[in-house]
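Residue numbers (our numbering): 137 to 877.
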């Protein structure tokens with residue numbers, strides 16, 4: 137507890153410092169073509185830490201003014217050229233950064249804001265990280281956030297039909313993967329297989345995936361990794377000129393007759409910026425090669441609005457959003473023919489963001505309020521839900537990025553979270569509870585020439601109040617947990633484009649009230665769930681070693697890891713059947729386990745307009761005591777892609793065509809209660825282009841998934857015992873940005 141008090145004291149002291157910094161500087165320079173040495177006009181220069189950017193003029197010159205002292209990483213992007221990054225220390229003088237960009241069709245890894253407290257380039261990030269930028273998202277955006285990520289190495293999805301897809305990182309999912317949305321830790325009810333992240337796929341401008349324990353920065357639960365869904369920046373005027381822009385997007389998927397669309401507005405005037413969007417999607421029953429899955433439709437209606445202002449010292453913004461969905465749950469037709477259960481989920485959120493530059497420190501404040509309402513209905517005609525759970529969460533995080541002290545720079549932070557869970561119906565699956573988290577962390581980096589070290593410590597204290605529940609046989613009680621997490625990493629720049637990285641980290645996760653006290657029918661999973669009040673917190677120890685090479689014509693990453701988790705919590709069938717519901721009975725228990733594997737990717741430009749990508753991953757997990765496999769571990773996978781890019785072809789601009797082969801091995805390394813799944817191969821293809829549309833550009837992406845209509849069941853498909861995965865799916869994505877004012 138002393139550690140967190142020290143952190144809070146430091147942050148409070150920083151707030152009292154005068155807002156007049158010793159030094160206000162600028163970063164400027166010229167951007168040229170590396171081959172012709174000609175200046176490049178229109179290059180985008182972006183500074184993620186301050187969410188500021190600019191573009192080069194006709195002479196290739198740029199300038200960022202009114203910058204307070206600190207360590208900054210800049211990103212330079214231009215169509216047809218390799219993305220470049222540069223880290224600069226702005227202390228007591230202006231800094232000139234000149235760059236020579238090299239022509240390339242590869243989408244080079246850019247800057248990550250998730251792996252460390254401060255934005256950094258991929259080669260300096262000690263944890264294995266993937267970044268999906270806006271242009272990649274336009275091609276990959278699926279019906280859910282999880283489905284958008286499934287082709288990344290080390291990432292799979294746990295599916296319940298087309299409407300629910302939970303990210304799985306290195307074999308870990310649900311509570312062991314932390315999802316961040318708009319800077320706020322997503323707090324719904326993600327503990328069950330059929331509880332997907334309540335995030336609008338249209339809202340994401342960028343998605344980052346960090347693999348491996350992230351407890352140092354994100355606290356309890358991040359044993360597998362972190363998925364950070366990044367929303368667009370608060371709009372700001374350029375040279376003081378007001379503007380108003382709009383975007384219309386449409387998605388269509390043939391398999392389940394899915395249609396989706398969004399309409400967004402953004403603008404700025406003076407110091408103020410604003411943004412608003414509304415989206416909807418609706419799909420029918422999923423079609424498989426063997427027929428239709430009854431009762432598997434899904435629909436959504438979402439909206440959000442943001443307003444804020446910029447000042448020379450930083451910015452402040454507030455966002456309000458609502459995510460609402462109706463999901464039908466397909467059940468085994470052999471056990472429950474004609475069953476029509478469904479769920480209604482509504483997630484409301486208010487987020488507050490601030491970035492303030494003080495003397496010697498830059499403060500980031502993020503506050504959030506969330507209310508998640510989940511109602512589960514037994515059948516389509518039901519007027520009232522059988523189960524209704526409401527989770528209300530309030531949180532606040534404060535980070536102070538201090539100025540460099542010689543070769544040392546870093547971040548001190550503190551966070552607080554309060555969460556209430558209420559069961560509002562007569563049927564009680566879990567008791568009412570209240571959870572409070574307090575935490576503080578210190579993360580520092582040391583750069584010594586070509587070698588950089590990074591790491592730190594975090595203290596967490598979690599208290600849990602469980603209310604009395606006669607229906608579940610639970611007496612009122614209090615529980616408390618505390619843990620210290622640590623991380624130490626090193627990045628060695630063997631060459632300018634080549635880095636060797638290593639990381640040792642610990643993490644932890646407390647059992648949830650559901651895992652501790654559940655005792656009842658869970659309609660969403662068609663099971664009777666039993667908790668274990670004696671469960672202990674999970675403890676993780678992870679070691680990663682990676683090799684990365686990033687150049688304009690070749691990008692490759694290789695990571696080998698092992699993750700030992702003590703007291704791993706899992707649910708397994710007991711062989712019993714609940715007489716009232718006829719559902720199988722599942723019991724929570726725990727064991728010491730080890731997860732290990734590797735991830736690899738190669739992206740190569742083999743000709744001026746042709747690139748080849750190869751990526752894959754392997755993960756295994758076993759119970760240390762019995763030697764048996766852990767349930768729901770993804771099968772090994774390998775993805776082969778070939779893509780052709782062209783500047784223009786007739787009226788089409790920025791044309792690209794892609795062919796993808798997804799090879800998934802059979803899964804024979806199974807837990808005693810699981811069924812084996814055979815391997816499969818899927819063939820996809822797509823084409824994308826832009827066409828003039830008045831004074832704007834219409835962006836089109838067309839594709840076909842599972843072209844051969846292959847019959848298969850993925851090992852992480854909850855329906856695999858009685859239903860196949862979706863068959864052939866024709867996709868169309870269209871986006872039209874246009875200027876209103």
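We treat Cβ as the ideally placed atom computed from N, Cα and C, and that holds for glycine.
For residue 164, the beta-bridge partners assigned by DSSP are 199 and 232.
Distance from the CA atom of residue 662 to the CA atom of residue 719, rounded to whole angstroms, is 6 Å.
Between residue 592 and residue 616, the beta carbon gap of about 24 Å keeps them out of contact (Cβ cut-off 8 Å).
Straight-line spacing of the CA atoms in residue 644 and residue 736 works out to 27 Å. Excluding its 5 nearest sequence neighbours in each direction, residue 422 has C-beta neighbours in its own chain below 8 Å: 297, 298, 391, 392, 428, 429, 432, 466 and 862, listed in chain order. In this structure, residue 163 sits near residue 231, with a CB-CB distance shorter than 7 Å.
Burial state of residue 378 is exposed, judged by a 10 Å Cβ sphere holding fewer than 16 other Cβ atoms.
Setting aside the 5 residues that flank it on each side, residue 705 is surrounded in the same chain by 647, 651, 671, 674, 724 and 726, each with a C-beta closer than 7 Å to its C-beta; the list follows chain order. The alpha-carbon of residue 695 is positioned some 17 Å away from that of residue 749.
Between residue 360 and residue 321 a beta carbon distance of about 15 Å is seen, past the 8 Å cut, so the two are scored as non-contacting. Judged by DSSP secondary structure, residue 171 falls outside any beta strand (DSSP E); it is assigned neither H nor E.
Of the other Cβ atoms in all chains shown, 16 or more fall within 10 Å of the Cβ of residue 479; this residue is therefore buried.
In the structure shown, residue 783 adopts extended strand secondary structure according to DSSP, grouped into three states. By the Cβ criterion, the stretch 219-231 is in contact with the stretch 251-270, since at least three pairs of Cβ atoms, one from each stretch, lie closer than 8 Å. Beta-bridge partners of residue 206 (DSSP): 226.
The stretch 405-489 is shown to contain whole beta strand (DSSP E) runs of 3 or more residues at 408-419, 434-447 and 450-464, in chain order. Per DSSP, reduced to three states, the secondary structure at residue 351 is helical.
Here residue 843 carries a coil assignment [DSSP, helix/strand/coil]. For the 7 Å CB-CB criterion, residue 350 and residue 362 form a contact.
Rounded to the nearest angstrom, the gap between the Cα atoms of residue 342 and residue 273 is 7 Å. Contact annotation: residue 397 and residue 380 have beta-carbon atoms that are not nearer than 7 Å.
For a cut-off of 8 Å, the C-beta gap from residue 182 to residue 211 is around 5 Å, short enough to register as a contact. Beta bridge pairing from DSSP links residue 536 with 499 and 548. The stretch 809-822 makes contact with the stretch 836-854; the number of CB pairs closer than 8 Å reaches 3 or more.
With a threshold of 16 other beta carbon atoms within 10 Å, residue 195 falls short and is exposed. Nearest to residue 486 by C-alpha distance, out of 528, 449, 471 and 469, is 528.
Per the coordinates, the alpha-carbon of residue 772 lies some 16 Å from the alpha-carbon of residue 811. With contact defined as three or more Cβ pairs closer than 8 Å, the stretch 575-593 and the stretch 558-566 are not in contact. With fewer than 16 other Cβ atoms from the protein chains shown falling within 10 Å of its own Cβ, residue 516 counts as exposed. Per DSSP, the beta bridge partners of residue 793 are 780 and 823. Residue 181 is bridged by DSSP to 190 and 212.
The residues 217, 218, 688, 689 and 741, in chain order, have a CB closer than 7 Å to that of residue 240 in the same chain once the five nearest residues on each side in sequence are set aside. With fewer than 16 other CB atoms across the displayed protein chains lying within 10 angstroms of its CB, residue 831 is exposed. For residue 764, the closest of 786, 807 and 792 by C-alpha to C-alpha distance is 807.
Between residue 642 and residue 677, the gap from beta carbon to beta carbon is short of 7 Å.
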